[in-house]
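What follows is a short report on a single structure.
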Amino acid sequence: MTPEVQRAIEEIQRIFPKHNVEVEAEGQGGAYVIVNDLLIGERYLPSTSWIGFTISYQYPYADVYPHYLDAGLRRVDGLVQGAGLSMTVWQNRQVIQVSRRSNRWNAAIDTAATKLSKVQLWLRSL
Amino acid sequence: MKEPVELRIDATLFEKLENHLFPGDRDEHGAVIAAGIVETPRGTRLLVREVFLARDGIDYVPGQRGYRALTARFVAEISGYCAKENLCYLAVHCHGGKDEVSFSSDDIASHERGYPALLDITCGGPVGALVFAKNAVAGDIWTTSGRYKLDHMTIIGANIRKLYPSPRMRSPIANPMYDRHSRMFGDVGQEILSNLKVGIIGLGGGGSLINEWLSRLGVGHIVAIDFDRVELTNLPRIVGANHWDAMTWLIKSGIPWLEKLGKRLAAYKVHVARRVAKQANPSIRYDAIVGNIVDELIAKLLVDTDFIFLAADSMQSRLVFNAIVHQYLIPGIQIGAKVPVEKQTKQVGDIFTATRPVLPYAYGGCLHCHELIPPGRLQQETLSETERRNQQYVEDENIAQPSVITLNVKSAEQAVNDFKMMFTGLYKPEVQLQHQLHFARERKTIEVKPRANSNCLDCSDSNRSRRARGDRFRLPCRMLEAPSNGK
Chain A
1 MTPEVQRAIE
11 EIQRIFPKHN
21 VEVEAEGQGG
31 AYVIVNDLLI
41 GERYLPSTSW
51 IGFTISYQYP
61 YADVYPHYLD
71 AGLRRVDGLV
81 QGAGLSMTVW
91 QNRQVIQVSR
101 RSNRWNAAID
111 TAATKLSKVQ
121 LWLRSL
Chain B
1 MKEPVELRID
11 ATLFEKLENH
21 LFPGDRDEHG
31 AVIAAGIVET
41 PRGTRLLVRE
51 VFLARDGIDY
61 VPGQRGYRAL
71 TARFVAEISG
81 YCAKENLCYL
91 AVHCHGGKDE
101 VSFSSDDIAS
111 HERGYPALLD
121 ITCGGPVGAL
131 VFAKNAVAGD
141 IWTTSGRYKL
151 DHMTIIGANI
161 RKLYPSPRMR
171 SPIANPMYDR
181 HSRMFGDVGQ
191 EILSNLKVGI
201 IGLGGGGSLI
211 NEWLSRLGVG
221 HIVAIDFDRV
231 ELTNLPRIVG
241 ANHWDAMTWL
251 IKSGIPWLEK
261 LGKRLAAYKV
271 HVARRVAKQA
281 NPSIRYDAIV
291 GNIVDELIAK
301 LLVDTDFIFL
311 AADSMQSRLV
321 FNAIVHQYLI
331 PGIQIGAKVP
341 VEKQTKQVGD
351 IFTATRPVLP
361 YAYGGCLHCH
371 ELIPPGRLQQ
381 ETLSETERRN
391 QQYVEDENIA
401 QPSVITLNVK
411 SAEQAVNDFK
421 MMFTGLYKPE
431 VQLQHQLHFA
441 RERKTIEVKP
451 RANSNCLDCS
461 DSNRSRRARG
471 DRFRLPCRML
481 EAPSNGK
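Right, dumping it as structure tokens:
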């Protein structure tokens, strides 16, 4: 992994200290990351989920998106669906894809950890 | 350390230093330069990142042994900063005179007293001293492996200037082939071009034009980088490519396995470019590199060039190009042409060509600051085809885009003329090399006002930026490594 990706993972572990963070190198300097047991709100069943994403080898210049949730996740009022949400395959597993591209991503400020927090907030706001 | 040793500085920092050293009082003034370093088989370059001006009477005071000296406090402060930032420490002062300069015996004695300790403080430096006259510079560079003289200094701006310790002897033999060039920029200008090493990223429509023109201009050494092979549809645009290169007879055979074979046997674009360059200038030194600039080993082939042309389409190549320009203080130009076509109606939109000079300083045309490297596009380009398909982001990239040689000419022509004018010093002092866009359907050319972000990771002075850090910073490249698991 590139030093920038390693630092991004360290920051995630620091900001989400109570959550198990699974990391797998993707072979070119980037990493596949899964942060477990994140609270995504009472409107979901269950109210927690893992969130996965890829940090590319050109991080922090490259945006971190999309994010992925467990395909088995449901909303209390039905399926998890709508704009920015779709079913797909990631890392050989069925997942819900959360597409939140940051058009104003700033490599000097934005990080994989802050992006994860924003995605978590967005999911809670749905 | 490999010789010759060169110091590179951008025009903005040089102006700051020059105004401080030569305010018109004919007195001696001092400063310190913090510099990155790049060592290659072609020599060593010290890359000026910051200039610290020593205030007269406060930081630069009457010396106990020489006329003036930097105070111990100032030296400690700046050398500590250099150690922390992993930069080289270079003390600067000026002498009288104009075209020739050298250190005094007092200067040399002070180096011998101080620099061994300073090498320790800065964790191996290098450290050293520079002495300037109005049009000359000499340097005494100390490393843990020895002591070296500065060969010359390069000032990078709209015109690229060099300063030497004393006027150089020029070769009296001029090549009569370049007689018409010499009538414009002199035998000296032709000699400058013949000593240049120039990188070209992308040898498609635009890059192949640049390649031929540089070769005919008499550039001495070209490093051409492209991983692609010639295709049938490239033939109307790639200079010098023929049907044999594209394996047309196999591609058009109508037999799938022969078509596949044709694609595998087609010539690499860089090999066609080398053939064209050698025809234009048989004595040219040519490195035809089949590879991707996104890979670190390939990108590093450009770190000792004098200029880089970017004629490739991807955002990843823009990212690496922009990083090399700023990290190694190598000026460059990105070129491109765009023919937007509306998906449903197939109507042609605003056709434009772009010529974007990128000089290694704030407001120098940084592609990040001009928002020309979208982070979302970068992320998509790092994905494999399967990952892209899974993410449902398969957009137009597999659909062939319109491309016409005359549009490539428009952007490439301005780029090569900029290059020629910069190195032969023919641009008027007021010239600013701004990004230029030409809108073909309106027959209109506009210049884009330069932009800079104060926290840019490439062009700014922020302590996180890569500007002028040379070998001691990582390029944003793909790493080749065995996948491993970890928690």
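Sequences listed follow chains A and B, in order.
Sequential numbering from 1 applies to the first sequence in this note's numbering.
Sequential numbering from 1 applies to the second sequence in this note's numbering.
Every residue, glycine too, gets a C-beta built ideally from N, C-alpha and C.
Nearest CA to the CA of residue i: which residue from the options?
i                            : options                                : result
alanine 54 of chain B        : B/Ser403, B/Ile33, B/Gln64             : B/Ile33
tyrosine 32 of chain A       : A/Ile15, A/Glu4, A/Gln91               : A/Gln91
valine 61 of chain B         : B/Ser171, B/Val75, B/Cys82, B/Arg161   : B/Val75
aspartate 350 of chain B     : B/Ile446, B/Trp213, B/Arg180, B/Arg441 : B/Arg441
threonine 233 of chain B     : B/Leu217, B/Lys269, B/Trp213, B/Trp257 : B/Lys269
alanine 71 of chain A        : A/Val21, A/Glu22, A/Arg104, A/Thr88    : A/Thr88
aspartate 304 of chain B     : B/Ala412, B/Asp461, B/Lys197           : B/Lys197
proline 66 of chain A        : A/Pro3, A/Arg7, A/Ile109, A/Val119     : A/Val119
phenylalanine 132 of chain B : B/Thr445, B/Leu150, B/Leu258, B/Leu47  : B/Leu150
leucine 7 of chain B         : B/Ala174, B/Leu329, B/Asp25            : B/Leu329
alanine 299 of chain B       : B/Gln327, B/Arg285, B/Pro282, B/Ile284 : B/Gln327
valine 358 of chain B        : B/Pro331, B/Val339, B/Leu70, B/Gly63   : B/Pro331
Indicate the three-state DSSP secondary structure (helix, strand or coil) for residue i in the structure shown.
i                            : result
asparagine 485 of chain B    : Confidence is the limiting factor: at asparagine 485 of chain B the pLDDT is only 40, short of 50, which leaves the residue's position unreliable, though a coordinate-based value still follows. Looking at asparagine 485 of chain B - three-state DSSP - the assignment turns out to be strand.
lysine 16 of chain B         : helix
lysine 278 of chain B        : helix
glutamine 94 of chain A      : strand
leucine 87 of chain B        : coil
glutamine 344 of chain B     : coil
valine 320 of chain B        : helix
phenylalanine 53 of chain A  : strand
alanine 224 of chain B       : strand
valine 272 of chain B        : helix
isoleucine 238 of chain B    : coil
serine 86 of chain A         : strand
isoleucine 373 of chain B    : coil
alanine 112 of chain A       : helix
leucine 367 of chain B       : coil
threonine 122 of chain B     : coil
tyrosine 286 of chain B      : strand
alanine 107 of chain A       : coil
arginine 469 of chain B      : coil
histidine 111 of chain B     : helix
threonine 382 of chain B     : coil
isoleucine 173 of chain B    : coil
phenylalanine 423 of chain B : helix
Looking only at DSSP bridge pairs, what is residue i linked to?
i                            : result
phenylalanine 132 of chain B : B/Cys94, B/Val137
methionine 153 of chain B    : B/Leu7, B/Leu163
glutamate 511 of chain B     : For chain B, the structure presents residues 1 to 487; residue 511 of chain B sits outside this window and is missing.
valine 303 of chain B        : None, per the DSSP bridge assignment.
tyrosine 60 of chain B       : B/Asp56, B/Leu70
tryptophan 142 of chain B    : B/Val127, B/Arg147
valine 5 of chain A          : Note: valine 5 of chain A sits in no beta bridge, so no partner.
histidine 67 of chain A      : A/Phe53, A/Val98
leucine 100 of chain B       : At residue 100 of chain B the sequence reads glutamate, which differs from the leucine that was named. Glutamate 100 of chain B pairs with nothing; no bridge assigned.
Taking the C-alpha atoms as reference points, what is the distance between residue i and residue j?
i                         : j                         : result
glycine 202 of chain B    : isoleucine 222 of chain B : 13 Å
tyrosine 148 of chain B   : arginine 275 of chain B   : 39 Å
alanine 400 of chain B    : valine 416 of chain B     : 27 Å
glycine 186 of chain B    : arginine 168 of chain B   : 15 Å
arginine 73 of chain B    : aspartate 59 of chain B   : 8 Å
lysine 487 of chain B     : glutamate 24 of chain A   : With a pLDDT of 35 at lysine 487 of chain B, under the threshold of 50, the modelled position of this residue cannot be trusted; read the value that follows with caution. About 8 Å.
arginine 229 of chain B   : lysine 278 of chain B     : 19 Å
arginine 467 of chain B   : proline 126 of chain B    : 18 Å
histidine 95 of chain B   : aspartate 106 of chain B  : 13 Å
threonine 424 of chain B  : aspartate 140 of chain B  : 28 Å
threonine 355 of chain B  : glycine 336 of chain B    : 7 Å
glutamate 413 of chain B  : lysine 134 of chain B     : 35 Å
lysine 343 of chain B     : valine 5 of chain B       : 54 Å
leucine 301 of chain B    : proline 402 of chain B    : 31 Å
isoleucine 333 of chain B : tryptophan 213 of chain B : 15 Å
asparagine 485 of chain B : methionine 1 of chain A   : Because the pLDDT of asparagine 485 of chain B is 40, which lies under 50, any placement of that residue in the model is unreliable, and the number read from its coordinates should be weighed accordingly. Cα-Cα distance, rounded: 11 Å.
arginine 7 of chain A     : glycine 30 of chain A     : 12 Å
aspartate 110 of chain A  : proline 60 of chain A     : 8 Å
tryptophan 249 of chain B : histidine 271 of chain B  : 20 Å
For the region 424-436 of chain B and the region 287-297 of chain B, state whether three or more C-beta atom pairs, one from each stretch, are separated by less than 8 Å.
-> no
Check whether the region 34-46 of chain A touches the region 105-124 of chain A, counting contact only when three or more Cβ pairs, one atom from each stretch, lie closer than 8 Å.
-> yes
Three CB pairs or more closer than 8 Å across the region 210-224 of chain B and the region 282-290 of chain B = yes
Is it a yes or a no for the region 92-101 of chain A touching the region 110-128 of chain B, going by three-plus beta-carbon pairs under 8 Å?
-> Two segments are said to touch when three or more pairs of C-beta atoms, one from each, lie closer than 8 Å; by this definition the region 92-101 of chain A does not touch the region 110-128 of chain B.
Inter-stretch contact (C-beta, 8 Å, three-pair minimum) for the region 233-251 of chain B and the region 314-324 of chain B = no
Three or more C-beta pairs closer than 8 Å, one from the region 357-377 of chain B and one from the region 449-460 of chain B: is that the case here?
-> The region 357-377 of chain B is in contact with the region 449-460 of chain B.
Evaluate the contact criterion for the region 23-38 of chain B versus the region 169-181 of chain B: three or more CB pairs, one atom per stretch, below 8 Å.
-> Proximity of the region 23-38 of chain B to the region 169-181 of chain B falls short of the contact definition, fewer than three beta-carbon pairs being nearer than 8 Å.
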